[in-house]
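A short worksheet on the structure shown next.
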Amino acid sequence: MADSYDEECDYLFKAVLIGDSAVGKSNLLSRFAKDEFRLDSKPTIGVEFAYRNVKIGDRVIKAQIWDTAGQERFRAITSSYYRGALGALLVYDITRRTTFQNVKKWMHELREFGNLEMVIVLVGNKSDLSESRQVSEEEGKKIAEMEGLFFMETSALRNLNVEEAFLRMINKIHETTISQKCLDVNMKESNVVRAGKEIITIDEVTATKHSNNCCY
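Residue numbers (the numbering used here): 1 to 216.
The structure is reproduced here in C-alpha cells:
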C-alpha cells in the first residue's frame, strides 16, 4: 500500500524507534516504509520520520514512525517526541552487548517521557551477523518477559522479521485503541501532524491502566 502522506486514511498512529546509535534503527524504518536498505546509512541527526499505510480489516491505518537519534547529545531534542506516541520499537544490536545493556536505560526514558499504555516491541537487530553474536536470543526474550514487552529478532539487511515487528506493534495499537476504545480520540495539535480522518492519541492526563498491560 502506498505511503503517501496525502493518501486518505482512517487513523494516524504515531510510534517511535529508540535505541543506541548504529543499532540499525534507520534501516529498519527504511526497510519497512520503502523496502530499501542502505549500507552507507548515516547517523540520524535529531529526528526523522516516515509513513506507511497498513490495512487492518476495513480500516486504513497510517503509521507515522519517528526515527530518533541514539546519541546522548540529542536526548534533550528527542524527549519531546515521545508525546502522543502509541508505540515504540526499542532496538539493540545483537553483536554489541553494550546496546543490549542499555535497554533498561531506554525503558526508563520511555516510562519517564512516554505514556502508560504504549505498545513496546523489543527488537534484537542484525540477526544476519549471528557469527558475531554477543547477545543470545534467550537473553532478549528474558528481558522482554521481565519488562512486559513483545520481542523479536530482525535483520534489516536481509529483511527478516522487519515487517512482522512493525505490524505486531501496529496491530496491538489498533487492538488497544480502536477495538477496546480505551483512549481519548480528540484531535490535538500537540500529538502529531494532521492526516486522514482521525488522529488517535492518549490523553496524558487521564490515561490509566485500562487493561492489566498492553504489552505481553
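Heads up, the beta-carbon is just placed ideally off N, CA and C, and yes, glycines get one too.
Taking 8 Å as the upper bound for CB-CB distance, Leu86 and Ile178 are not in contact here, some 11 Å apart.
DSSP places Ala22 in the coil class of the three-state scheme, outside both helix and strand. In this structure the stretch 127-141 does not lie against the stretch 105-115, because fewer than three pairs of beta carbons, one per stretch, are closer than 8 Å.
In the structure shown, the three-state DSSP call for Ile173 is helix. With fewer than 16 other beta carbons inside 10 angstroms of its own, Leu39 counts as exposed. Selection Ala156, Glu36, Leu149 evaluated against Ile94 yields Ala156 as nearest (Cα-Cα). Counted as a single uninterrupted DSSP element, the beta strand (DSSP E) harbouring Lys62 occupies residues 59-68. Each residue's CA atom was taken as its position, placing Leu149 and Tyr51 some 24 Å apart.
In this structure, Lys25 is the residue among Gly84, Phe32, Phe49, Lys25 with its C-alpha nearest to the C-alpha of Val123. Comparing C-alpha distances from Val91 to each of Val60, Lys126, Ile61, Glu145 shows the shortest one belongs to Lys126. Counting only runs of 3 or more residues that sit fully inside the stretch 121-165, the beta strand (DSSP E) segments are 150-153, in chain order. Nearest in C-alpha terms to Asp10, of all of Thr154, Gln134, Val60, Asn27, is Val60.
In the DSSP assignment, Leu110 falls within the alpha helix (DSSP H) that extends over 103-113. Exclusion of the five residues before and after Arg133 leaves Ile94, Thr95 as the residues of its chain whose Cβ lies within less than 8 Å of its Cβ. The closest CA to that of Glu145, considering only Leu29, Asn161, Ile120, Lys55, is found on Ile120. Taking the C-beta atoms as reference points, Glu137 is found no nearer than 7 Å to Glu163. A distance below 7 Å between beta-carbons, with the five flanking residues on each side excluded, links Val16 to the following residues of its chain, in chain order: Trp66, Thr68, Tyr81, Tyr82, Ala85, Ala88. Looking at the DSSP output, Lys14 sits in a beta bridge with Gln64. For Ile56, the closest of Ser30, Ile18, Leu12, Gly114 by C-alpha to C-alpha distance is Leu12.
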